[in-house]
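These notes are about the structure you will find just below.
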Amino acid sequence: MWNLTEEQQMIQKTVRDWAAAKLAPRAEQYEHDKLFDVALYKEFAGLGFPGIRYPEALGGGGGGILDMCIWVKELARVLPGFAISASVACGLGAKMLGYGTDAQQQTWLVPTIEGTMIGAFGLTEPNAGSDATNLQTRAVKDGDDWVLNGAKTFITNGIVADYILVSAKTGPGKSEIGIFIVPQGTEGLHAAPIDKNCWYSSDTALLSLENCRIPADHLIGAADGGLNLLTNNLNEGRVTFAAHCYGIAEGCFDGALDYVHQRTAFGKRVSDFQNTQFKLAEMKMKLDLAWTYIMRAAAEVESNPGAGVTASICKNYAAQICEEIAREARHLLGGYGCMNEYAVGRLSRDVFVAEVGEGTREINYRVIWKALTQNYR
Ligand SMILES: Cc1cc2nc3c(=O)[nH]c(=O)nc-3n(C[C@H](O)[C@H](O)[C@H](O)COP(=O)(O)OP(=O)(O)OC[C@H]3O[C@@H](n4cnc5c(N)ncnc54)[C@H](O)[C@@H]3O)c2cc1C
Numbered sequence: 021m022w023n024l025t026e027e028q029q030m031i032q033k034t035v036r037d038w039a040a041a042k043l044a045p046r047a048e049q050y051e052h053d054k055l056f057d058v059a060l061y062k063e064f065a066g067l068g069f070p071g072i073r074y075p076e077a078l079g080g081g082g083g084g085i086l087d088m089c090i091w092v093k094e095l096a097r098v099l100p101g102f103a104i105s106a107s108v109a110c111g112l113g114a115k116m117l118g119y120g121t122d123a124q125q126q127t128w129l130v131p132t133i134e135g136t137m138i139g140a141f142g143l144t145e146p147n148a149g150s151d152a153t154n155l156q157t158r159a160v161k162d163g164d165d166w167v168l169n170g171a172k173t174f175i176t177n178g179i180v181a182d183y184i185l186v187s188a189k190t191g192p193g194k195s196e197i198g199i200f201i202v203p204q205g206t207e208g209l210h211a212a213p214i215d216k217n218c219w220y221s222s223d224t225a226l227l228s229l230e231n232c233r234i235p236a237d238h239l240i241g242a243a244d245g246g247l248n249l250l251t252n253n254l255n256e257g258r259v260t261f262a263a264h265c266y267g268i269a270e271g272c273f274d275g276a277l278d279y280v281h282q283r284t285a286f287g288k289r290v291s292d293f294q295n296t297q298f299k300l301a302e303m304k305m306k307l308d309l310a311w312t313y314i315m316r317a318a319a320e321v322e323s324n325p326g327a328g329v330t331a332s333i334c335k336n337y338a339a340q341i342c343e344e345i346a347r348e349a350r351h352l353l354g355g356y357g358c359m360n361e362y363a364v365g366r367l368s369r370d371v372f373v374a375e376v377g378e379g380t381r382e383i384n385y386r387v388i389w390k391a392l393t394q395n396y397r
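The opening residue of the sequence shown carries number 21 in my numbering; numbering runs sequentially from there.
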């Protein structure tokens, strides 16, 4: 159980080689240009990885959560921004299309699996982040259409996506939420880039929806069934995001290990100082524990998608060690840790957002605490 299968080792090697050849040489340029390279994503998608988690009947690979974790972490260890856009393009929101009608799946999901379409997931709003039931975006039925009004913020792929899965209130009740497929180019949908200080190679947008008219067949499932769709996907998303955090940590660790064997100070290699050795040994311990837990969580959430405590522990621990390892790795590079030419400097820019995505640290602690206290209520 604790070793990758031959097939998983092949996924890892293929993506690692691809990322080293195609992504690493362009990484700094993408960061400088603040660009998610859609053409490169489509080239990557041609290898079949975006479809890995989807049923073979839809053209997917029929693989498990761990298979997706492997390719996500391999991209994240080179360029986290590209990795997040790639995983959102085919994962996060798109997985909800699995609950859609056959027609919705053929129109939107199959091209997503093939990598010819890019998806985005629009839940967060300027005044509703962690408290997702406080959405202000409204969907009102008008004849055969739904009319959407509201705003969404921090939406990954919001500009480059072919469609955005938008969550909107369909009634006054807290849980009356529907998920709508809003095609890019819909009249009244406007997307503007957001100037952020992380994930430069990812596209992040502020969306406004002004009287966006959507045909009735663009609603996924029931008009008040959105909350279920969101929670069904939550735990898998957290485990996959943990793999993203792990990838950043591993990239920082590898960069630091390499650097300390080359750099000299006081007539010695930096790796000869015992402080350096202990730091790297500690980082390795954290990495191995995080990956072992990701493997466990992937298996557990696959057999029980409601395994919330495991998913939250997995995500929080990976995000925590990601931040710790990046900080120490950067320090081992001295001033060069602040330079863009070193991958460690670039990767460690992206650790802060690890504590925010897929539920902030506190939101995941809440899940764990609720389980701890249930017998005392
Ligand atoms: C680069 C980037 C990309 C993103 N991509 C997407 C995307 O594609 N789609 C999407 O829908 N969203 C996306 N998000 C949004 C992300 O999911 C939210 O930022 C996150 O859920 C937190 O919401 P918030 O920013 O509104 O913070 P808030 O919810 O306002 O939280 C602020 C602080 O309060 C704390 N807090 C909140 N509630 C509690 C509580 N009950 N107990 C204790 N502390 C609490 C939080 O932990 C946090 O520290 C993205 C965010 C970023 C930064």
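We put the beta carbon where it would ideally sit given N, CA and C, even for glycine.
Span separating the alpha-carbon of residue i from that of residue j
i, j, result
"A276", "D244", "50 Å"
"R350", "K33", "26 Å"
"A338", "E382", "14 Å"
"L229", "A171", "6 Å"
"Y362", "D122", "47 Å"
"S150", "A47", "31 Å"
"N395", "I388", "13 Å"
"P131", "M137", "5 Å"
"K189", "D57", "33 Å"
"N169", "L227", "11 Å"
"R347", "S368", "7 Å"
"D292", "K299", "12 Å"
"F200", "R258", "22 Å"
"E378", "G191", "26 Å"
"G82", "E26", "16 Å"
"Y385", "S332", "7 Å"
"N248", "L24", "32 Å"
"G365", "T380", "24 Å"
"N231", "V160", "10 Å"
Which of helix, strand or coil DSSP assigns to residue i
i, result
"N384", "helix"
"I179", "coil"
"N217", "coil"
"W166", "strand"
"F56", "coil"
"A171", "strand"
"G231", "The identity of residue 231 in the sequence shown is Asn, whereas the question assumes Gly. Residue state, collapsed to three classes: strand."
"P75", "coil"
"G203", "Note on identity: in this sequence residue 203 is Pro, with Gly being the wrong assignment. Strand, per DSSP."
"G142", "strand"
"V376", "coil"
"A212", "strand"
"L239", "strand"
"V130", "helix"
"L185", "strand"
"D160", "Asp is not the amino acid found at residue 160; the sequence shown has Val there. If DSSP states are grouped into helix, strand and coil, V160 belongs with the strands."
"T224", "strand"
"G198", "strand"
C-beta neighbour in chain D for residue i, strict 8 Å
i, result
"I214", "Absent here is chain D; the protein component of the structure consists of one chain."
Nearest-angstrom beta carbon gap, residue j and residue i [assumed within contact, 8 Å]
i, j, result
"I345", "M303", "5 Å"
"V321", "T312", "Their Cβ separation, rounded to whole angstroms, is 15 Å, which puts V321 and T312 out of contact at 8 Å."
"T173", "T144", "6 Å"
"S105", "N217", "About 17 Å; that fails the 8 Å criterion."
"T157", "V186", "7 Å"
"Q417", "D87", "Outside the modelled stretch of the chain, which goes from 21 to 397, sits residue 417, for which no answer is possible."
"A165", "A236", "A quick correction: the sequence has Asp, not Ala, at residue 165. The pair is a contact, with the Cβ atoms about 6 Å apart (cut-off 8 Å)."
"I197", "L155", "6 Å"
"K335", "A262", "5 Å"
"G142", "I175", "5 Å"
Heavy atom of ligand 1 within 7 Å of residue i beta-carbon
i, result
"I383", "yes"
"D151", "yes"
"C334", "no"
"L143", "yes"
"W389", "no"
"C342", "no"
"T224", "yes"
"K216", "yes"
"G170", "no"
"A140", "yes"
"G111", "no"
"V108", "yes"
"V10", "Look at the range of the chain in this structure, 21 to 397, and you will see that residue 10 is not part of it."
"R233", "no"
"V186", "no"
"V373", "yes"
"V136", "It is Thr, not Val, that sits at residue 136 in the sequence shown. Checking every heavy atom of ligand 1 against the Cβ of T136, none is found closer than 7 Å."
"R8", "Residue 8 cannot be examined here, being either before or after the span of the chain that is shown, 21 to 397."
"R386", "yes"
Residue i: CB within 7 Å of a non-hydrogen atom of ligand 2
i, result
"F174", "With respect to ligand 2, the structure offers nothing, as its ligand set consists of ligand 1."
Ordered list of alpha helix (DSSP H) runs contained in the segment 272-330, each at least 4 residues: 294-323
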